[in-house]
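Take the sequence shown: its position 184, counting from 1, is numbered 184 in the UniProt record's numbering, and each next residue is one higher.
C-beta atoms are modelled at their ideal positions from N, C-alpha and C, and glycine is treated no differently.
Below is one structure, written out as structure tokens; comments come after it.
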Amino acid sequence: MADFRTFFAKAKHIVIISGAGVSAESGVPTFRGAGGYWRKWQAQDLATPQAFAHNPSRVWEFYHYRREVVRTKEPNPGHLAIAECEARLGRQGRRVMVITQNIDELHRKAGTKNLLEIHGSLFKTRCTSCGVVAENYKSPICPALSGTGAPEPETQEARIPVEKLPRCCGGIILSHLAWLSLPLQPQIYLNLCKPRVHCSVLALQVGTSSVVYPAAMFAPQVSARGVPVAEFNMETTPATNRFRFHFQGPCGSTLPEALARHENETVS
Ligand code: APR
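Quick look at the structure:
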């Protein structure tokens, strides 16, 4: 930790890549491992265009469930440490950029400003007909979804007719999320993430299993260029041995220690 803190005290551009683990201590289930199922499906089985075309009512029940779970959650000390560090270093003329795979908006709720939500947000919608993207925090998002979405495998499906699902100009609206069966739009990676990742002089890989691309390749790429990378995770991942630092444990405890004010912090 002392070694990491030496790099941290001087770094001008820090990129933080986060995944579901950063929200685990807020009570948001992670994707992999226990708790990754809704009824008998994993998110990867439902957040696909094929699943939506086959059964839009089921996919909306799933998104409705996730919106209702997440809306009650609050940022934990890990999110707050990141937001506080971004604001503090910003006042010193230094930059922290957060690239998250999370769709729960908890980084935003914690106050993080330099944020890319590369998989979208549960609280944005996109119309399948006119393409308009809009914020939507309604609960429920439409009357027909009220009382639906229970995650237990034996739950009866709601089988909502398509005309009663959330709509915009006549088309159904969907949560504005990356489909998990398709690659992320190349412009998100090339125009937004790549320049920010590649100008960093220190990278943090927080609460991600490091198996979903393109986010999984950012930190190994900068590490190969000699940039120190610190992984914060409950366990090791396929990328761990490519990084200089690994802090094992709940990031709600490890991040506040790692990102606290350093006595030698650079003030420009
Ligand atoms: N602190 C730190 N790490 C944690 C904590 C915690 N409190 N709790 C869990 N973790 C770690 C787990 O050990 C695991 O490595 O967080 C990671 C969560 O992994 P995933 O569930 O695979 O989440 P993520 O890496 O964000 O998944 C990437 O996969 O299905 C897609 O689009 C979905 O954005 C998601 C993407």
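Presumed contact (8 Å Cβ cut-off) between residue i and residue j, rounded CB distance
i	j	result
A24	G170	About 39 Å separates the two Cβ atoms, so there is no contact after all.
P220	R244	Actually they do not touch by this definition, with Cβ atoms about 12 Å apart.
P77	G252	4 Å
E68	S146	That pair is no contact at about 10 Å.
G131	I103	Their Cβ separation, rounded to whole angstroms, is 19 Å, which puts G131 and I103 out of contact at 8 Å.
V98	L115	5 Å
Q44	L180	5 Å
I14	V96	5 Å
Residue range of the alpha helix (DSSP H) that includes residue i
i	result
residue 274	Residue 274 falls outside the range modelled here, since the chain spans only 1 to 268, and no answer is possible.
A110	106–110
V22	21–24
T128	Unbroken run through T128: none, as it is neither H nor E.
T6	2–10
Simplified DSSP state of residue i, which is helix, strand or coil
i	result
L259	helix
G120	strand
L46	helix
T100	strand
Q156	coil
F247	strand
S253	helix
Residue range of the beta strand (DSSP E) that includes residue i
i	result
L115	115–117
S57	Unbroken run through S57 is the alpha helix (DSSP H), 56–71; no beta strand (DSSP E).
A134	133–135
R167	Note, R167: premise wrong, no beta strand (DSSP E); not H, not E.
S18	13–18
L145	No beta strand (DSSP E) holds L145; DSSP gives it neither H nor E.
L180	Run containing L180: none; DSSP gives neither H nor E here.
Completely contained alpha helix (DSSP H) runs for the segment 189–245, where each covers 4 or more residues: 194–198, 215–224
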